[in-house]
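Protein chains in written order, with the working numbering: chain A, 1 to 317; chain B, 318 to 616.
Right, here's the structure in full:
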């Protein structure tokens with residue numbers, strides 16, 4: 001049926017449609033480039049600005065001096081590590097247990113739906129609101145109560161010991177903040193363990209808990225680890241909540257291991273502090289602090305990404 | 318016993334969400350005894366140190382909404398283009414690098430982005446747009462956009478990737494080009510997921526604290542005041558407002574809490590701001606969750 005004319009017409013039409021496709025593919029690619037380039041630019045800028053300072057001997061270990069315009073950021077790194085450890089110690093048992101409940105115990109009912117909705121919403125609560133919550137519950141209610149029963153608040157003059165921002169309250173607040181990350185990652189990981197593993201174990205006479213503890217959890221461990229690392233990375237960089245419940249810009253005494261009951265200096269808050277409060281802080285010091293924080297967070301995330309890729313390629317079942 | 322513990326932890330998320338609301342509300346409530354709720358909701362002045370104290374929500378909410386809108390206008394096209402490129406166009410080799418890169422972007426601590434905004438972006442804007450100081454609503458919007466892009470890109474990419482192969486192949490077999498398939502089949506089928514990603518991006522931007530605290534300056538610009546005094550003429554001020562400073566809800570909570578005396582009206586007012594923020598993000602999340610669920614049901 002096709003005359004030369006219609007063939008020509010159709011092919012012309014096809015060519016223009018294919019050209020349009022090429023154009024739009026290019027536009028989409030350009031969009032992706034527009035996302036990546038600024039990110040690379042940010043990283044390179046921080047790297048060039050900060051690497052000299054980071055490599056200066058003592059910067060990563062010494063305490064700040066002269067009102068944080070000189071010296072290092074050793075205590076800030078220590079405080080951040082303490083917050084990370086505290087957070088994960090609190091979040092991991094709760095998060096893994098919650099995920100076990102969701103995959104191994106929960107039925108398909110309204111309660112499960114409500115729990116899932118709560119997890120989504122918990123993940124969406126702004127971090128500053130987490131901070132307000134920590135302030136209301138931990139610092140002013142729990143902390144004040146602990147001061148009362150331990151007698152600190154009846155001393156003369158009354159002592160504020162737990163009823164103030166401390167490392168412990170920071171870790172507790174951050175633990176609730178990262179809980180959805182731990183739960184979601186663990187649940188994903190538990191779901192990938194095949195049914196046959198559980199059935200085999202139950203068939204051999206193991207109880208449900210023995211099956212979970214000895215079979216399911218070990219098989220899901222790498223995935224859980226990935227989620228844990230992501231959660232720690234998130235806790236390391238969060239600033240808004242610890243402004244309210246844990247951090248101070250400067251301390252007069254720096255213990256090698258920050259005590260749970262004292263306000264803590266931490267990298268993200270220190271960056272905010274030297275940018276906004278310390279008028280005479282040098283750019284090198286600011287960039288050095290920012291780069292150190294970025295390297296810690298990126299390091300955690302890179303490990304998690306590599307672990308996940310390995311995992312996907314090396315699954316044994 | 319161990320089973321009891323597991324059941325207990327299972328319900329923990331609900332407990333925390335309820336407790337967060339209750340505690341923030343509990344600390345906010347005393348304000349309503351001495352300050353009328355309508356004065357809070359309609360007041361156009363936030364002046365906690367003046368006598369008598371003024372706790373007007375309008376300038377803060379307006380700042381939050383405008384900064385977020387600006388961020389979303391930038392982030393939606395960038396995020397969607399990245400998602401489409403990742404899901405449908407990129408060769409496997411590029412995707413394997415690009416996807417982790419986008420995830421890394423999401424991982425940059427907000428205080429680091431804020432620092433970058435203050436030291437690089439703000440001076441740049443001040444120079445190119447001839448602003449007095451670069452610290453502005455626009456600088457906040459641009460920086461926040463880079464926090465919203467990864468959210469929009471990754472969730473939209475998920476939605477696009479999970480569109481059934483049969484749909485796409487059917488379209489290709491009918492003679493549509495790959496682009497036409499994306500445009501007329503992929504995007505419509507993934508529409509609810511894409512909408513959810515945008516909602517979550519908005520939620521992320523409006524709840525972000527450090528970036529706006531550092532980058533948008535502190536105070537209320539003249540254009541914002543203009544919008545509030547003559548709301549019907551708002552269009553006259555909207556563009557210039559982006560070149561001026563503003564105080565968002567989140568930044569106000571973070572910067573004022575250190576000065577507010579515990580138990581004072583100011584202290585309670587800051588918690589009331591927290592309640593407002595919680596309610597806004599809660600609604601956004603519920604809508605996004607419903608959209609995601611709808612998307613999954615369709616597929």
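Don't be surprised by glycine CBs; every beta carbon is placed ideally from N, CA and C.
(request) Buried or exposed for residue 41(A), please, with buried defined as at least 16 other CB atoms from any protein chain shown within 10 angstroms of its CB. (result) exposed
(request) Just mark residue 596(B) as buried or exposed, buried being the case when its beta carbon has 16 or more other beta carbons within 10 Å. (result) exposed
(request) Figure out for me which residue from 122(A), 97(A) and 166(A) has the closest Cα to the Cα of residue 143(A). (result) 166(A)
(request) Starting from residue 121(A), follow the alpha helix (DSSP H) in both directions and report where the run begins and ends. (result) 110-124
(message) Quick test of your reading: residue 258(A) and residue 239(A), contact by CB under 8 Å. State the CB separation rounded to the nearest angstrom.
(response) Incorrect: roughly 17 Å between the Cβ atoms, too far for contact.
(request) Within 10 angstroms of the Cβ of residue 299(A), are there 16 or more other Cβ atoms? Answer buried if so, exposed if not. (result) exposed
(request) Name the one or two DSSP bridge partners that residue 65(A) has. (result) 70(A)
(message) Excluding the 5 residues flanking residue 82(A) on each side, which residues of the same chain have their C-beta closer than 7 Å to its C-beta?
(response) 167, 258 and 264
(message) Can you tell me whether residue 162(A) is helix, strand or coil according to DSSP?
(response) coil
(message) For the stretch 601-610 of chain B against the stretch 356-364 of chain B, do three or more pairs of beta-carbon atoms, one drawn from each stretch, fall closer than 8 Å, so that the two count as touching?
(response) no
(request) Please classify residue 578(B): does DSSP put it in a helix, a strand, or coil? (result) coil
(message) Which residues does DSSP list as the beta-bridge partners of residue 264(A)?
(response) 247(A)
(request) Determine, using beta-carbon pairs with one atom in the stretch 282-301 of chain A and one in the stretch 38-56 of chain A, whether at least three such pairs fall under 8 Å. (result) yes
(request) Report buried or exposed for residue 381(B), applying the criterion of at least 16 other Cβ atoms within 10 angstroms of its Cβ. (result) buried
(request) Could you list which residues in chain A have their beta carbon closer than 8 Å to that of residue 526(B), in chain order? (result) 126, 127, 128, 239 and 240
(message) Less than 9 Å between CB atoms is the rule here; does residue 97(A) satisfy it with respect to chain B?
(response) yes
(message) Quick check on DSSP: helix, strand or coil for residue 364(B)?
(response) strand
(message) Any contact between the stretch 105-124 of chain A and the stretch 569-584 of chain B? By contact I mean 3 or more CB pairs, one from each, below 8 Å.
(response) no
(request) Can you pull the chain A residues whose beta carbon is under 7 Å from the beta carbon of residue 322(B), in chain order? (result) 97
(request) Return yes when the Cβ of residue 567(B) is within less than 9 Å of the Cβ of residue 529(B), no when it is not. (result) yes
(request) Please confirm if the stretch 174-191 of chain A is in contact with the stretch 99-106 of chain A, defined as three or more CB-CB distances below 8 Å between the two stretches. (result) yes
(request) Check the Cβ of residue 427(B) against every Cβ in chain A and list those closer than 9 Å, keeping chain order. (result) 127, 237, 238, 239, 240 and 268
(request) Sort out for me which residues DSSP pairs residue 371(B) with in a bridge. (result) 364(B)
(request) Output, in sequence order along the chain, the residues in the stretch 41-65 of chain A whose CB is closer than 9 Å to any CB in chain B. (result) 41, 42, 43, 45, 46 and 49
(request) Report the three-state DSSP secondary structure of residue 305(A) (helix, strand or coil). (result) helix
(message) For residue 75(A), would you say it is in contact with chain B, using Cβ-to-Cβ distances shorter than 9 Å as the test?
(response) no
(request) Taking residue 322(A) as the reference, give the member of 375(B), 432(B) and 588(B) with the closest Cα. (result) Nothing about residue 322(A) can be read from this structure; chain A reaches only from 1 to 317.
(message) In the DSSP assignment, the alpha helix (DSSP H) including residue 326(B) goes from what residue to what residue?
(response) 319-327
(message) Taking the straight line between their C-alpha atoms, what separation do you get for residue 589(B) and residue 518(B)?
(response) 24 Å
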